[in-house]
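Engineer:
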Amino acid sequence: MPDRRAQIEQKIRAFQEQAARAGQLKDKIADLRGQARSGDGSVTVTVAPSGAVLGLQLSPNAMKHSHTQLQQEILATIRAATQQAAQALQDTVTPVLGDQAERFKDAFSAHSAVMMPEAPAPHAAPNVPQNMTQNVMPPAPPAGNRPRPRPVSDDDDFGGNSILR
């Protein structure tokens, strides 16, 4: 019986150590940031490891760019900052997770296509008004003679069926 008790105590200690490491990792990740500056210094971006933009600074020099050049500078700088944050995250996680770091990286970057915007076209489409280049929501379908939905009742008795089996 003492062997079983020692095994349980060892597993509890291992779990407590793992929980402490997870707490430390969480604190380190919360403080991670990526920051990048455009080549001419007109755009500076700060992002979280997820790619969320936390800060965007434009210098007075940024106003010398055309709107499409500025857009490209901003997006390129966001991509660079996001790559830096991702590398910092990897550098932080690998020592703690060891051989499981690759699984963490795969799980964390599962939505990277959503977080990393694609590079814009090198130039804007000619003769297209600016308001036509933005995404526009399609109009709502006409409200025909659809039946009105039944009101929701909180007094559901589960359809007459017992919840006990």
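This note's numbering numbers the first residue of the sequence shown as 23 and each following residue consecutively.
Where a beta carbon is used, it is the ideal one built from N, C-alpha and C, also for glycine.
A quick note: this is a predicted structure, and the numbers were derived from the prediction, not measured.
Nearest to S64 by alpha carbon, out of G56, H87 and A107?
Structural biologist: Counting from one through the sequence shown, the residue named residue 64 turns up at place 42. Among G56, H87 and A107, the Cα nearest to that of S64 belongs to H87.
Engineer: In whole angstroms, give me the CA-to-CA distance for P142 and K33.
Structural biologist: Taking the first residue of the sequence shown as position 1, residue 142 is located at position 120. Taking the first residue of the sequence shown as position 1, residue 33 is located at position 11. Residue confidence is low: P142 scores 48 on pLDDT, short of 50, so the model does not pin down where it sits. No coordinate-derived value is stated.
Engineer: Can you give me the Cβ contacts of A84 inside the same chain, cut-off strictly under 8 Å, excluding the 5 residues immediately before and after it?
Structural biologist: Counted from its first residue, the sequence shown places residue 84 at position 62. These residues qualify, in order along the chain: S64, V65, L92 and E95.
Engineer: In its own chain, which residues sit with a C-beta less than 6 Å from the C-beta of A28, not counting the 5 before and 5 after it?
Structural biologist: The residue you call residue 28 lines up with position 6 of the sequence shown. Result list for A28: empty, nothing under 6 Å.
Engineer: Are P71 and A107 close, meaning C-beta to C-beta below 8 Å?
Structural biologist: To locate residue 71, count along the sequence shown from 1; it is residue 49. To locate residue 107, count along the sequence shown from 1; it is residue 85. Taking 8 Å as the Cβ cut-off, P71 and A107 qualify as a contacting pair.
Engineer: Could you say which of D25, A44 and E31 lies nearest to V118 if we only look at CA atoms?
Structural biologist: By 1-based counting over the sequence shown, the position of residue 118 is 96. Residue A44 is the option with its Cα nearest to V118.
Engineer: Could you have a look at G120 and say whether DSSP puts it in helix, strand or coil?
Structural biologist: The count along the sequence shown starts at 1 and reaches residue 120 at position 98. Correct three-state label for G120: helix.
Engineer: Provide the residue span of the beta strand (DSSP E) that contains A58, from first to last.
Structural biologist: Locating residue 58 in the sequence shown gives position 36, where the first residue counts as 1. G56 to R59 is the span of the beta strand (DSSP E), which, as asked, contains A58.
Engineer: Going by beta carbon distance, what residues of the same chain come within less than 8 Å of A123, once the five residues before and after it are set aside?
Structural biologist: Translated into the one-based positions of the sequence shown, residue 123 becomes position 101. Excluding positions up to five away in sequence, the list reads Q112, V115 and T116.
Engineer: How big is the Cα-Cα spacing for V150 and H89?
Structural biologist: Here residue 150 refers to the residue found at position 128 when the sequence shown is read from its first residue. Here residue 89 refers to the residue found at position 67 when the sequence shown is read from its first residue. Confidence at V150 is low in this model, with a pLDDT of 40, below 50, so the placement of that residue should be treated as unreliable; the coordinate-derived value is given next. About 14 Å.
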